[in-house]
Amino acid sequence: MPTKSIMSKKRRAPSSYTSQTRTAKVPKSDTKSFETKELVRHGIIMSGKEGKRFVSETSKELCRKMLEVRYDDPVYTQFPLSQFGFVLESLSTRNKYRVKRDLTPLLVPSPEHLFFCGHKELEHVVEEVSAYFTEAEPLVGPRPRPDFAVGIAEAAFTNEEIAKLESCLCPERPILFTDVMYFPFLICEVVSEDVPITKADRRCVRSSSMAVNAIIQLHRVLGDDQALKLSGQILVFSISHNDQFAVIHGHYATVEGDKVMFYRYLVRSVALASSAASSAWKETHDFVREIYAKFYPEHLGRIKNVLAQMNDPPPEQLRRIKDALAQMNDPPPAPSSESGTSVDEQQSQGLDSDDELALLREQSAAQRKVLMEELMAMQKKQYDEQLAMQKKQYDEQIEALKRRLDLQQGVS
Numbered sequence: 020m021p022t023k024s025i026m027s028k029k030r031r032a033p034s035s036y037t038s039q040t041r042t043a044k045v046p047k048s049d050t051k052s053f054e055t056k057e058l059v060r061h062g063i064i065m066s067g068k069e070g071k072r073f074v075s076e077t078s079k080e081l082c083r084k085m086l087e088v089r090y091d092d093p094v095y096t097q098f099p100l101s102q103f104g105f106v107l108e109s110l111s112t113r114n115k116y117r118v119k120r121d122l123t124p125l126l127v128p129s130p131e132h133l134f135f136c137g138h139k140e141l142e143h144v145v146e147e148v149s150a151y152f153t154e155a156e157p158l159v160g161p162r163p164r165p166d167f168a169v170g171i172a173e174a175a176f177t178n179e180e181i182a183k184l185e186s187c188l189c190p191e192r193p194i195l196f197t198d199v200m201y202f203p204f205l206i207c208e209v210v211s212e213d214v215p216i217t218k219a220d221r222r223c224v225r226s227s228s229m230a231v232n233a234i235i236q237l238h239r240v241l242g243d244d245q246a247l248k249l250s251g252q253i254l255v256f257s258i259s260h261n262d263q264f265a266v267i268h269g270h271y272a273t274v275e276g277d278k279v280m281f282y283r284y285l286v287r288s289v290a291l292a293s294s295a296a297s298s299a300w301k302e303t304h305d306f307v308r309e310i311y312a313k314f315y316p317e318h319l320g321r322i323k324n325v326l327a328q329m330n331d332p333p334p335e336q337l338r339r340i341k342d343a344l345a346q347m348n349d350p351p352p353a354p355s356s357e358s359g360t361s362v363d364e365q366q367s368q369g370l371d372s373d374d375e376l377a378l379l380r381e382q383s384a385a386q387r388k389v390l391m392e393e394l395m396a397m398q399k400k401q402y403d404e405q406l407a408m409q410k411k412q413y414d415e416q417i418e419a420l421k422r423r424l425d426l427q428q429g430v431s
């Protein structure tokens with residue numbers, strides 16, 4: 020399970036941007052006026068025409084290939100997939116939170132739930148639900164609070180890599196976005212049917228541009244030429260949706276010296292309520308699965324490649340991080356002679372502090388594995404019970420809806 024990063028700070032107070040909107044000094048962040056004034060002024064361009072113009076051919080080809088991949092239907096869903104059309108119809112008059120509850124998990128599957136279902140390659144992927152980006156300064160406007168965000172857990176990095184990340188951390192170079200999430204690579208925003216989906220798009224583009232900027236600025240540590248290599252490459256994806264449409268964008272930047280401009284590229288717009296509504300959700304679902312399978316490893320590898328080229332951190336900094344991680348992991352007491360090698364035996368064998376820490380972390384990891392397996396079994400049991408209850412409720416709702424339709428047809 021994700022743990023709070025050793026680099027996280029005390030949660031910041033909300034931005035003064037809220038008070039500025041109340042006094043009408045600036046427009047609200049999800050309005051057209053904000054898009055044409057504030058976003059453009061800060062180098063964030065939402066124009067589809069401009070976004071298509073500067074994206075690299077490599078990124079276009081990546082998106083095309085990702086759209087072609089198909090996965091098996093999910094085993095665990097909140098309702099029978101055959102009833103997708105009826106669920107959409109029931110959401111037409113409901114608010115955003117109902118859409119998030121019923122539809123978002125199907126369109127944007129949870130990587131942590133996939134991990135619990137056996138996809139071990141997602142062990143170091145972390146997600147946040149309606150969490151403020153408290154650890155990174157916004158490029159413009161209020162502090163983002165995406166409906167759903169996916170990034171990298173601290174456990175994906177070695178102690179040395181964490182020390183290098185810490186050494187280059189500054190307000191202009193965001194690394195950590197929440198207290199458990201590094202470098203987000205997928206953002207999702209949701210609205211109800213009576214709210215223009217462009218409002219979700221504007222929220223997505225602010226969060227995604229922050230995440231793109233984090234990768235660009237990390238590469239600048241090695242020199243401007245390294246950041247320039249990323250110009251035009253999609254570095255983050257976003258999904259904005261309601262109960263009628265799901266829109267997939269890839270987000271990238273153009274780099275010219277110190278100047279960075281942020282754009283989005285339309286990957287696909289899916290009409291969920293099309294004539295093929297029973298399977299319309301699958302295109303978005305499969306694309307997100309491919310983000311986890313194809314794009315995430317490349318995203319993590321890109322970051323690790325930069326860290327490998329950075330200078331080693333000072334020994335005292337690395338020692339401090341090791342101590343902090345050891346305290347966070349809460350390792351068990353040193354084993355006695357009855358259960359294994361004692362501390363005295365370790366010293367007689369010439370084990371240094373690094374070897375001791377590695378041994379303790381290995382023992383702690385074994386205990387965490389047992390606890391994780393127990394937790395997964397408990398969560399699966401709870402999930403199955405909730406699934407059965409929700410299926411019963413949906414069956415009742417569907418039957419009621421069918422009876423209502425029959426009555427309406429009889430009257431007409």
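Residue numbering for the sequence shown follows the working numbering, starting at 20 and increasing by one per position. In this text, a Cβ means the ideal position worked out from N, Cα and C, and glycines have one as well.
CA-CA distance, Glu147 to Ser109, rounds to 27 Å.
Between the beta-carbon of Pro190 and that of Glu156 there is about 5 Å, and that keeps the pair under the 8 Å contact cut. Within its own chain, the residues whose Cβ lies closer than 7 Å to the Cβ of Ile235, once the five positions on either side in sequence are excluded, are Ala246, Leu249, Ala272, Val274 and Val279, listed in chain order. Per the C-alpha coordinates, the member of Asp305, Leu184 and Asp414 positioned closest to Ala175 is Leu184. In the same chain as Phe256, and ignoring 5 residues on each side of it, the C-beta atoms closer than 6 Å to its own belong to Leu205, Gly269 and Ile310, in chain order.
Exclusion of the five residues before and after Glu69 leaves Tyr282 as the residues of its chain whose Cβ lies within less than 7 Å of its Cβ.
Contact between the segment 100-116 and the segment 128-142 is not established, with fewer than three Cβ pairs separated by less than 8 Å. Contact between the segment 252-266 and the segment 197-217 is present: three or more C-beta pairs spanning the two stretches fall below 8 Å. Residues Asp305 of the same chain have their beta carbon placed closer than 6 Å to that of Arg89, with the five preceding and five following residues left out of the count. Taken atom to atom, the span from the alpha-carbon of Arg222 to that of Pro163 is near 7 Å. Where Met229 is concerned, the enclosing alpha helix (DSSP H) starts and stops at Ile216 to Arg239.
Counting along the chain, Leu81 sits inside the alpha helix (DSSP H) bounded by residues Glu76 to Glu87. Burial state of Leu125 is buried, judged by a 10 Å Cβ sphere holding 16 or more other Cβ atoms. Taking the CA atoms as reference points, Leu291 sits about 14 Å from Asp121. Between the alpha carbons of Val118 and Glu335 lies a distance of about 50 Å.
By the neighbour-count definition (other C-beta atoms within 10 Å, threshold 16), Tyr116 is an exposed residue.
Residue environment: Gln252 is assigned as buried (16 or more neighbouring CB atoms within 10 Å of its CB, all protein chains considered). In this structure, Val74 is the residue among Lys56, Ser52 and Val74 with its C-alpha nearest to the C-alpha of Val286. Along the segment 103-154, the beta strand (DSSP E) occurs as fully enclosed runs of 3 or more residues at 144-148, listed in sequence order. Per the C-alpha coordinates, the member of Val209, Ser228 and Asp243 positioned closest to Ile258 is Val209.
The beta carbons of Val169 and Val144 sit about 6 Å from each other, so the pair counts as a contact at 8 Å. Here the C-alpha atom of Arg225 lies approximately 15 Å from the C-alpha atom of Ser52. Taking C-beta separations shorter than 7 Å and ignoring five residues to either side along the sequence, the partners of Leu319 in its chain run Ile171 and Ala175, following chain order. Taking the C-beta atoms as reference points, Cys187 is found nearer than 7 Å to Val240. In the three-state scheme derived from DSSP, where H, G and I count as helix and E and B as strand, Met408 is classed as helix. Only residues of its own chain outside the window of five on either side were considered, and among them Gln252 and Ile253 have a CB closer than 6 Å to the CB of Ser78, listed in chain order.
Nearest Cα to Lys410 within the set Thr96, Ala419, Pro165 and Leu58: Thr96.
Under the three-state reduction of DSSP, Arg164 is assigned to coil, being neither helix nor strand. DSSP places Val325 in the uninterrupted alpha helix (DSSP H) bounded by Tyr315 to Gln328. Excluding the 5 residues flanking it on each side, Gln102 has same chain C-beta neighbours closer than 8 Å at Tyr413 and Ile417, in chain order. The closest CA to that of Thr112, considering only Asp92, Glu212, Thr50 and Pro165, is found on Glu212. Here Tyr271 carries a strand assignment [DSSP, helix/strand/coil].
By the neighbour-count definition (other C-beta atoms within 10 Å, threshold 16), Val94 is an exposed residue. Taking all protein chains shown into account, Thr177 has fewer than 16 neighbouring C-beta atoms within 10 Å of its C-beta and is therefore exposed. Secondary structure of Gly242 (DSSP, three-state): coil. Only buried fits Thr197, as 16 or more other CB atoms lie within 10 angstroms of its CB.
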